[in-house]
Structure formats: structure tokens, C-alpha cells
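Residue numbers (UniProt numbering): 1 to 186. For every residue, glycine included, the Cβ atom is placed at its ideal position computed from N, Cα and C. Only a predicted model underlies this, so the values are computations on that prediction, with no experimental measurement involved.
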């Protein structure tokens with residue numbers, strides 16, 4: 001019975017192919033399949049496998065599985081090399097940069113909002129003082145108005161003079177209207 005090993009890494013298989021004689025089973029498997037096989041291979045007297053040997057199907061399944069795993073590992077390495085700074089900053093670094101710039105903008109907005117909030121709180125704290133000032137101004141203006149109305153005195157003979165002036169203006173108006181009507185009628 002000859003044992004062919006597939007649990008070795010590719011580098012070990014290549015070393016084995018270089019160091020072992022060309023006719024050894026390991027070297028033959030590496031040369032033929034690119035890697036050694038993991039299952040026993042019974043040989044009959046002529047050197048051929050027995051009839052119940054079904055290793056080829058297992059080998060192709062294993063080869064497909066290994067190639068799929070290798071592709072997944074390559075993809076992971078590419079992603080990790082991009083993340084860790086293997087040439088380009090990668091999507092995570094750009095996301096970090098965007099979040100940092102957004103954070104700076106939000107902090108500026110927060111400072112502006114805090115300033116406005118402090119101003120409004122100060123206005124609220126000063127509100128009773130402002131109300132008292134407005135009340136005192138209103139009281140002062142009411143007192144001033146009351147004093148002004150008390151100090152107003154009727155001037156004698158002005159009403160009669162005003163009425164006479166109004167009457168004269170009305171007469172002049174009537175004369176102007178009648179003159180315009182006569183001119184239009186002619």
C-alpha cells in the first residue's frame with residue numbers, strides 16, 4: 001500500500017518534489033496533480049489500482065474545494081490589504097474621514113446652538129426687569145399726558161374767529177364753483 005499525502009502545504013509539496021526521487025509516489029502526485037492525495041492507493045501486481053478504487057472523484061471534489069477556499073482567502077487578503085493601507089486608503093478610511101468632517105460640522109453647529117441658547121436664557125432672565133422698565137415708562141407717559149390735558153386751556157374768542165374764517169372760505173369756494181359752471185355753460 002502506498003500513501004499519498006495531501007495535508008501538506010503547496011510549499012512543502014514543491015520542496016518534496018525537488019528533494020524526493022522522481023519516481024517516489026509523493027513526487028509523482030505533485031508532478032501530476034499539483035498536490036499530493038490524502039487517501040491510500042492499493043496497487044495490484046501490475047502496478048495499477050484495484051477495481052474498487054474511487055479516488056479520482058474524491059480528488060476532483062477536493063481540488064474544487066481547495067480552489068474555492070483559495071479564492072476566498074485571496075478575496076479576504078485583497079480586502080484586508082485595502083483596509084490596512086496596502087496602497088489605497090480603502091473604503092473604511094474614507095468613511096472615517098467623512099465621519100470626522102461631519103463630526104466637526106456638528107460640533108460647530110452645537111457651539112452655535114449653545115450660544116443662541118445662552119442668549120435666549122439671558123433674555124428670559126432679564127424679562128422681569130424689562131417688564132418693570134416698560135411699566136414705569138408707561139406710567140410716566142400716562143402722568144405726562146394727564147398733566148398736559150390739565151394744562152390745556154380754552155383760548156377765548158378763537159372759536160368765533162375760526163368760524164368766521166371757515167365761512168369766508170366756503171363763500172370763496174361757492175363763487176369759484178359758480179364761475180366754473182358759467183364758463184362751461186357758455
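Residues near residue 146 in its chain [Cβ-Cβ closer than 6 angstroms; skip 5 each side] = none
So, helix, strand or coil for residue 150, using DSSP?
-> helix
The alpha helix (DSSP H) enclosing residue 168, as first and last residue numbers = 158 to 185
Would you report the Cα separation of residue 164 and residue 137, rounded to the nearest angstrom?
-> 43 angstroms
Alpha-carbon to alpha-carbon, residue 179 and residue 185 | 10 angstroms
What's the gap between the Cα of residue 120 and the Cα of residue 94?
-> 39 angstroms
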